[in-house]
Amino acid sequence: MKLLNNNITFLEWDILPISEKREIWNHYWNPYEPQIGAFTKREIVDNLIKSIPINALQCGIKSFGWGVYMLFIIVDNSKIRVPKQFSDLSVNKGVIKDWVNKDEAKITFN
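Each residue of the sequence shown is one higher than the one before, starting from 7 at the first, in the numbering used here.
In structure tokens form, the structure reads like this:
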């Protein structure tokens, strides 16, 4: 795959078949070297933020082990709806349960 070693834009990412996306997150992105693919991951998160009409407290992409990447959105109200998937990546909603201090919170993920 020619795109494997390149940073690609969201438009390039979004039109890839799921098999090629899976190849990238399974064999190119590395949870121990998060800078690999950082441009593409940032593009995905930025486009997720643009696509949802909610005021999220935090949005991002996280590795949960080799080949398991997931987008996350943290909100302060459990009634706020978020998409289950975005550009073939699962989206996990986190809800603030308690503020520990002004910069830290306890979060429950669905």
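For every residue, glycine included, the Cβ atom is placed at its ideal position computed from N, Cα and C.
Bear in mind that the values here come from a model prediction, so they are computed numbers and not experimental data.
query                                                                                                                         : result
Of the residues L63, P89, S93, which one's Cα is nearest the Cα of D108?                                                      : Note on residue identity: the sequence assigns Lys, not Asp, to residue 108. K108 has its Cα closest to that of L63, out of L63, P89, S93.
For the beta strand (DSSP E) that T114 lies in, which residues bound it at each end?                                          : 110-115
Where does F78 land, buried or exposed, given buried means 16+ other C-beta within 10 angstroms?                              : buried
Based on DSSP bridge pairs, tell me the residues matched to S96.                                                              : Q91
Which residue spans inside the stretch 20-80 form an unbroken beta strand (DSSP E) run of at least 3?                         : 64-69
Work out the CA separation of P40 and W72 for me, nearest whole Å.                                                            : 12 Å
Mark S93 as exposed unless 16 or more other C-beta atoms lie within 10 angstroms of its C-beta, in which case mark it buried. : buried
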